[in-house]
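Since the structure comes first, as structure tokens, the remarks are kept for the end.
Protein chains in written order, with my numbering: chain H, 1 to 115; chain R, 116 to 228.
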């Protein structure tokens, strides 16, 4: 069974460019979560999606960040006009169902560096 | 504001030692507490705890939850160098329509040979 697949593993962007991070959940999982991790910090929740729906985006910055999980294909986290402060590791996780009965399974992350 | 606090932030021990990692929490609507181990890559799931006083055990690792005092501990006995990692505690807050998993900053464990 393939786990949660994220690509690319490393992404370098210049300030002002766009970054697109992809996540394919585990087979059979329809719930996708995006988290951001800064050095010496814990994982910070960004957004929770089900197929074609954003369920909770309370952790997403109001501008430049967007996420989608289309009916077909991976979930995409998109960051427009990147700034140096966007440099971080972005982790995607998936679960079979949401709530306390279903632990999240994480991908290996995408490390974004903005130069 | 919800929070999950882990202590210590870092810990250095020698192989064979026993360690205890702490996690306290304060959330609106507690549902469960999870422990993860993070090495270089993805956090990997260790335990999920929902009931007080019931120990979960896996090999040399064990964990218990105290819902009255709002904390959990993760014990590792006879530590090995392969236990070196960041251990993350997370609490599932059931507030709102779906809630989310709130993480602490982690405890960085280094096990020396």
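Glycine residues also receive a C-beta, built at the ideal position from the N, C-alpha and C atoms.
query                                                                                                                                                                       : result
Which of the three DSSP states is assigned to residue 86 of chain H in this structure?                                                                                      : helix
If you run the structure through DSSP and keep just helix, strand and coil, what is residue 110 of chain H?                                                                 : strand
Would residue 53 of chain H count as contacting chain R if we go by Cβ distances under 7 Å?                                                                                 : no
Just by C-beta distance, which residues in the stretch 28 to 55 of chain H are closer than 8 Å to chain R?                                                                  : 33, 35, 40, 41, 42, 43, 44, 45, 48 and 55
Report buried or exposed for residue 183 of chain R, applying the criterion of at least 16 other Cβ atoms within 10 angstroms of its Cβ.                                    : exposed
Keeping to the same chain, check which residues put their C-beta closer than 8 Å to that of residue 67 of chain H; ignore five residues upstream and five downstream.       : 34, 46, 47, 49, 54, 57, 60, 75, 76, 77 and 78
Just the chain R side, please: which residues come within less than 7 Å of residue 104 of chain H by C-beta, in chain order?                                                : 216
Residue 201 of chain R and residue 221 of chain R - do their beta-carbons sit closer together than 7 Å?                                                                     : yes
Tell me which residues share the same chain as residue 52 of chain H and place their Cβ nearer than 6 Å to its Cβ, disregarding the 5 neighbours each side in the sequence. : 71
Under 8 Å Cβ to Cβ from residue 32 of chain H, same chain only, skipping five residues before and after it: list those, please.                                             : 23, 25, 48, 49, 50, 69, 75, 92, 93 and 94
Alpha carbon to alpha carbon, what distance is there between residue 16 of chain H and residue 196 of chain R?                                                              : 42 Å
Does the Cβ-Cβ distance between residue 217 of chain R and residue 206 of chain R come in under 7 Å?                                                                        : yes
Who are the neighbours of residue 7 of chain H on chain R, taking C-beta pairs under 9 Å?                                                                                   : Ordered by position in chain R, no residue passes the 9 Å Cβ test against residue 7 of chain H, which lies about 13 Å from the chain.
Mind checking whether residue 144 of chain R and residue 208 of chain R have CB atoms under 7 Å apart?                                                                      : yes
Would you say the stretch 124 to 144 of chain R touches the stretch 184 to 191 of chain R, given that touching needs at least three Cβ pairs under 8 Å?                     : yes
Name the residues in the stretch 143 to 175 of chain R whose C-beta lies less than 7 Å from a C-beta of chain H; which are they?                                            : 146, 147, 149, 156, 157, 158, 160, 163 and 165
Which word fits residue 212 of chain R, buried or exposed, when buried means at least 16 other C-beta atoms lie within 10 angstroms of its C-beta?                          : Note that residue 212 of chain R scores a pLDDT of 49, beneath 50, so its modelled location is shaky; the value from the coordinates is reported in the next line. Residue 212 of chain R comes out exposed.
Could you check whether residue 185 of chain R and residue 140 of chain R sit closer than 7 Å to each other, using their CB atoms as the reference points?                  : yes
Can you name the start and end residues of the beta strand (DSSP E) that residue 159 of chain R belongs to?                                                                 : 158 to 164
Quick one, are the C-beta atoms of residue 90 of chain H and residue 29 of chain H less than 7 Å apart?                                                                     : no
Put residue 196 of chain R into one of helix, strand or coil per three-state DSSP.                                                                                          : helix
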